[in-house]
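Since the structure comes first, as structure tokens, the remarks are kept for the end.
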Amino acid sequence: MKRSEVKKIISDTLGLDNAGEDLTEAYVASVKSYDLPTELLSEKAKAAHKRLYEDYVQMLNEVSARLDTVDRQDAASGASAYRSLKLDETYNLNAVWLHELFFANISDLHSEIMADSLAFMRLERDWGNFTDWQFDFMACAMSARDGWAVCGYDMYLQRYINTLIDQHSLSVPVGLYPVIVMDMHEHVEFRDYLDDKKSYLIGMMRQLQWGIIEERFKRAERIAEAFK
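Counting in this note's numbering, the sequence shown tops out at residue 230, every number present.
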């Protein structure tokens, strides 16, 4: 895969405004708009979640701008402004990306996956059958500590795996390209479901946007070819 193609895949997902140029340290992320017609989340819950996402975009841009001028001569592993900003960058960058992936892959009122789709065939290949993938993905979701469940292509294992991410930046596997993302933070489901995380999860799983997910699988396959 050409370098320009890899940059385009990343920029399309993250919404980077200057993705066509070679990035220095600074970059700008933009807020994306998502239509969430699902009735499984209240309008207040949707609005609060979108505001939180917008805050992460703002914080990411602030961190990016500060990184452009931070003193690198004083960088140290014990304590330094540069180290703190790099940690904040990862936290907010993941928060933005994961929220965008989540918003885009839920809320399909006519959710349906076809047996001849790439997504279905790859999940069957790597789990034996689609049902076993669902159970494993849900187990990851229920195990997340205020975080995320992610199904993605592992570039080193060369297969799709399910994993969990706590918060936004804890236990993130290296070399994972996400194709299905589920937000399991308490603030997402508590307003509408109290402590019944499982009902929230089942509802979101029933309304996955398989059309969007299919396109992610296609991009993951291109990445897979580049790593062979």
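Where is the CB? At the ideal position from N, CA and C, for every residue including glycine. Quantities reported herein were computed from a predicted structural model and do not represent experimental measurements.
Item to check | Which of helix, strand or coil DSSP assigns to residue 158 | outcome: In the structure shown, residue 158 sits in coil (DSSP, three-state: anything other than H, G, I, E or B).
Checklist entry - Excluding the five sequence neighbours on either side, which residues of its own chain have a C-beta within less than 6 Å of the C-beta of residue 212, listed in chain order? => result 115, listed in sequence order.
Next on the checklist: Looking at the strands, I want to know which residues DSSP matches up with residue 166.
Outcome noted: Residue pairing of residue 166 in beta bridges, as defined by DSSP: 151.
Checklist entry - What is the rounded straight-line gap between the Cα of residue 2 and the Cα of residue 166? => result Absent from the structure is residue 2, since the part of the chain shown begins at 3 and ends at 230.
Next on the checklist: I'd like the span of the beta strand (DSSP E) that includes residue 178, first residue to last.
Outcome noted: Under the DSSP assignment, residue 178 falls in the beta strand (DSSP E) whose first and last residues are 178-185.
Checklist entry - CB-CB under 8 Å to residue 85, same chain, minus the five flanking residues each way: which ones, in chain order? => result These residues qualify, in order along the chain: 77, 78 and 79.
Next on the checklist: Do residue 58 and residue 97 have their beta-carbon atoms positioned less than 8 Å apart in this structure?
Outcome noted: Yes. Within cutoff.
Item to check | Burial state of residue 74 (16 or more Cβ within 10 Å) | outcome: Answer is exposed; the Cβ neighbour count stays below 16.
Checklist entry - Leaving out the 5 sequence neighbours to the left and right, which residues in its chain are closer than 8 Å to residue 72 when beta-carbon positions are compared? => result Taking residue 72 as the centre and dropping the five residues before and after it, the same chain places the C-beta of 83, 84 and 87 closer than 8 Å to its C-beta, in chain order.
Item to check | Neighbour-count burial assignment, residue 185, 16 or more Cβ in a 10 Å radius | outcome: So residue 185 ends up on the buried side.
Next on the checklist: Does residue 158 pass the burial test, meaning 16 or more other C-beta atoms within 10 Å, or should it be called exposed?
Outcome noted: Exposed, since its Cβ has fewer than 16 Cβ neighbours within 10 Å.
Item to check | Straight-line Cα distance separating residue 99 from residue 16 | outcome: Per-residue confidence for residue 16 stands at a pLDDT of 47, beneath the threshold of 50, marking its modelled position as unreliable; the derived number appears in the next sentence. The alpha-carbon atoms of residue 16 and residue 99 are separated by roughly 6 Å.
Item to check | Buried or exposed (CB count within 10 angstroms, at least 16 for buried), residue 23 | outcome: Because the pLDDT at residue 23 is just 46, under 50, the model does not fix this residue reliably, and the value given afterwards should be weighed accordingly. The residue is exposed, with fewer than 16 neighbouring Cβ atoms inside 10 Å.
Checklist entry - Going by C-alpha distance, which of 41, 44, 48 and 29 is nearest residue 35? => result It is 48 whose Cα lies nearest to the Cα of residue 35.
Next on the checklist: Within 8 Å, do at least three Cβ pairs link the region 143-150 to the region 189-205?
Outcome noted: With the cut-off at 8 Å, the region 189-205 and the region 143-150 touch.
Item to check | Cα-Cα separation, residue 218 to residue 154 | outcome: Residue 218 and residue 154 have their C-alpha atoms some 9 Å from each other.
Checklist entry - Tell me, which residues are paired with residue 172 by DSSP? => result DSSP lists 168 as partners of residue 172.
Checklist entry - Which two residues bound the contiguous alpha helix (DSSP H) that contains residue 137? => result Membership of residue 137 in the alpha helix (DSSP H) is indicated by the continuous run 132-145.
Checklist entry - In three-state DSSP terms, what is residue 229? => result In the three-state DSSP reduction, residue 229 falls in the coil class, being neither helix nor strand.
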